[in-house]
DNA sequence: CGGGTATTGTGATAACTATCACGATACTCT
DNA sequence: AGAGTATCGTGATAGTTATCACAATACCCG
Ligand SMILES: NC(=O)c1ccc[n+]([C@@H]2O[C@H](COP(=O)([O-])OP(=O)(O)OC[C@H]3O[C@@H](n4cnc5c(N)ncnc54)[C@H](O)[C@@H]3O)[C@@H](O)[C@H]2O)c1
Ligand SMILES: NC(=O)c1ccc[n+]([C@@H]2O[C@H](COP(=O)([O-])OP(=O)(O)OC[C@H]3O[C@@H](n4cnc5c(N)ncnc54)[C@H](O)[C@@H]3O)[C@@H](O)[C@H]2O)c1
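Protein chains in written order, with our numbering: chain G, 1 to 221; chain B, 1001 to 1221.
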């Protein structure tokens, strides 16, 4: 057992998040107990890796038996901080912002969208998701503070990303998830994560172009 | 100079994609030549890291001077395979699919959306992006083959992800970008990448919950 | 044209992460 | 209750990635 000041690999955290999904699926399939081998197969991670990942945080299994599906799910949620509600605001309700606001998965996992902001006057007041009306950007700081927003999601164009992040910081958020292709700067006490969908595609393009081309199947004559 | 069978770190590829963005921004600002230090500052990567990343593929700079902004941009694009058009299809035109289809960045970077499919009969025929009409899922295999689609993007619910991936493989794509939270299986010759937006948020939640809480600033009385 | 300066390219080193192998342990069955 | 089996937890090991430090070299300028 560990969990003191030891540094946990970021990859481990990413996998833990995936484990939750697989565990929930396995639970639905009726597995009350899972082995690291079964879970590993289900989420394409080696059994040893799973055990190692978990061992950073404690002992959750029973030797010779495995892990209780529901319990392990709960425990991983505690590790990740998903055992609470995270009040979240989103800025920039364009195509992507709209999709994220309507992504039910978030709500189910403890992220509560408490407000959405946009600078386009035509959008103000629109109900973008159930019970959520778009507010003018000018209200961001006050509303975020009032709602004790912990997380801010940035889906504005790159040119507005920095100013948006600044507002979110002023609004008191502790973390920012930035989808804009611009490396924003935030104060030390605010945690920043960038999501780059483009670079995922670029990565795919690289893999495709660097591997042996494969003849496209011809019509059978 | 290298670039034989040597394995390139995945992180390097991810950064190269980011470098392109920063280089284009610096070019706009008038920098015809950039040093690894300037580029590093701009995209928050250490200068040494940048030089190392590039050194996997060749020598692109001039000692004592730096890199020619435009040339380096082009060269990175060649490395990543972005010097060509990638015919791309998307399956599942829901909230996220709609956003991706309207993401102009993709087109500008060489990804050409050649078709979009959905299983919902009410959506068929709708023009979801400029000149792109939603087709029934039954047409996927034939259209993809005809259009020589190289990349398939999966934005269907998790429960349909595997069957969708299977269809894309039959449609002849070489790579799949999967946004559904389900680990699909594809044949050896098809490259798969999963994008998990949820795990990005979960990672943020983890970082927030494991760091010292900071008192929310009180109103000044 | 030679010394001074800037900045690259890269081998060596350090840090990090994944894999392996096996001791520990709990359950099952006779 | 003891032997047998399954499966965890983890120290040791191997592999991967980032950082460092400096030799190499191109340009500048008098
Ligand atoms: N669409 C995608 O699939 C996608 C994918 C990856 C990344 N992104 C990035 O996400 C961001 C948004 O993309 P999009 O396609 O939704 O663009 P979009 O133009 O559809 O939406 C941007 C929204 O932000 C609002 N906005 C602009 N400036 C603002 C400001 N200063 N304050 C508040 N709101 C502001 C606009 O009114 C608009 O509603 C971009 O940075 C883009 O690069 C988009
Ligand atoms: N919305 C988001 O922001 C977001 C973020 C991350 C991941 N995702 C994932 O992306 C996927 C789509 O999310 P969404 O919010 O767009 O959902 P959605 O329900 O809005 O869209 C899903 C679309 O897929 C279509 N579809 C369903 N089964 C299909 C099939 N077999 N063949 C073709 N089309 C089919 C539906 O008709 C619908 O149009 C989900 O797996 C979700 O988990 C979404």
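By construction, the Cβ of each residue, glycine as well, lies at the ideal position given by its N, Cα and C atoms.
Can you name the residues of chain B whose CB is closer than 8 Å to the CB of residue i?
i: residue 200(G); result: 1177, 1193, 1195
i: residue 17(G); result: 1196, 1198, 1199, 1202, 1203
i: residue 151(G); result: 1201, 1204, 1205, 1208
Cα-Cα, which of the options is closest to residue i?
i: residue 156(G); options: 109(G), 19(G), 93(G); result: 93(G)
i: residue 119(G); options: 152(G), 164(G), 84(G); result: 164(G)
i: residue 168(G); options: 16(G), 76(G), 187(G), 183(G); result: 187(G)
i: residue 1149(B); options: 1085(B), 1202(B), 1105(B); result: 1085(B)
i: residue 1026(B); options: 1014(B), 1042(B), 1011(B); result: 1042(B)
i: residue 20(G); options: 154(G), 6(G), 54(G); result: 54(G)
i: residue 1146(B); options: 1211(B), 1170(B), 1127(B), 1097(B); result: 1170(B)
i: residue 166(G); options: 185(G), 179(G), 177(G); result: 185(G)
i: residue 1202(B); options: 177(G), 201(G), 127(G); result: 177(G)
i: residue 1174(B); options: 183(G), 206(G), 174(G), 181(G); result: 206(G)
i: residue 63(G); options: 76(G), 34(G), 108(G); result: 34(G)
i: residue 114(G); options: 131(G), 103(G), 61(G), 125(G); result: 131(G)
i: residue 1197(B); options: 12(G), 6(G), 10(G), 17(G); result: 17(G)
i: residue 1032(B); options: 1046(B), 1073(B), 1048(B); result: 1073(B)
i: residue 46(G); options: 58(G), 59(G), 15(G), 76(G); result: 15(G)
i: residue 1108(B); options: 1087(B), 1125(B), 1116(B); result: 1087(B)
i: residue 1105(B); options: 1010(B), 1193(B), 1024(B), 1029(B); result: 1024(B)
i: residue 1050(B); options: 1030(B), 1076(B), 1029(B); result: 1076(B)
Assuming residue i and residue j are in contact, meaning their beta carbons sit under 8 Å apart, how far apart are those beta carbons, in whole angstroms?
i: residue 1152(B); j: residue 1091(B); result: 7 Å
i: residue 1144(B); j: residue 1089(B); result: 5 Å
i: residue 1008(B); j: residue 1067(B); result: Residue 1008(B) to residue 1067(B), Cβ: 19 Å. No contact.
i: residue 191(G); j: residue 1204(B); result: 6 Å
i: residue 1154(B); j: residue 1179(B); result: 6 Å
i: residue 1123(B); j: residue 1137(B); result: Residue 1123(B) to residue 1137(B), Cβ: 10 Å. No contact.
i: residue 195(G); j: residue 1200(B); result: 5 Å
i: residue 128(G); j: residue 96(G); result: 12 Å between Cβ atoms; not a contact.
i: residue 209(G); j: residue 1081(B); result: 3 Å
i: residue 1158(B); j: residue 1181(B); result: 5 Å
Just the chain G side, please: which residues come within less than 8 Å of residue i by C-beta, in chain order?
i: residue 1009(B); result: Ordered by position in chain G, no residue passes the 8 Å Cβ test against residue 1009(B), which lies about 12 Å from the chain.
Ligand 1 and residue i: does the residue's C-beta get closer than 6 Å to at least one heavy atom of that ligand?
i: residue 1098(B); result: no
i: residue 1020(B); result: no
i: residue 155(G); result: yes
i: residue 181(G); result: yes
i: residue 1103(B); result: yes
i: residue 166(G); result: no
i: residue 93(G); result: yes
i: residue 118(G); result: yes
i: residue 1197(B); result: no
i: residue 205(G); result: no
i: residue 137(G); result: yes
At least one CB of chain G closer than 7 Å to the CB of residue i: is that the case?
i: residue 1013(B); result: yes
i: residue 1157(B); result: no
i: residue 1221(B); result: Note that residue 1221(B) has pLDDT 42, beneath the 50 cutoff, so the model's placement of it is unreliable and the number below is only indicative. Not one chain G Cβ lies under 7 Å of residue 1221(B).
i: residue 1002(B); result: Residue placement at residue 1002(B) cannot be trusted, given a pLDDT of 48 that sits under 50; the coordinates are not used to answer.
i: residue 1209(B); result: yes
i: residue 1225(B); result: Since the first residue of chain B shown is 1001 and the last is 1221, residue 1225(B) is not available in this structure.
Distance cutoff 7 Å, beta carbons only. Does residue i sit that close to anything in chain B?
i: residue 105(G); result: yes
i: residue 82(G); result: yes
i: residue 205(G); result: yes
i: residue 183(G); result: yes
i: residue 174(G); result: yes
Taking only heavy atoms of ligand 2 into account, decide whether any of them is closer than 6 Å to the Cβ of residue i.
i: residue 1149(B); result: no
i: residue 1176(B); result: no
i: residue 158(G); result: no
Just to make sure I have the definition right: I need the residues of chain B whose C-beta is within less than 7 Å of the C-beta of residue i. Which are they?
i: residue 96(G); result: 1099
Anything in chain G within Cβ reach of residue i, meaning under 7 Å, just list it in chain order.
i: residue 1109(B); result: 198
Within the present structure, is the beta-carbon of residue i separated from the nearest heavy atom of ligand 4 by less than 6 Å?
i: residue 26(G); result: The model depicted lacks ligand 4 and carries ligand 1 and ligand 2 instead.
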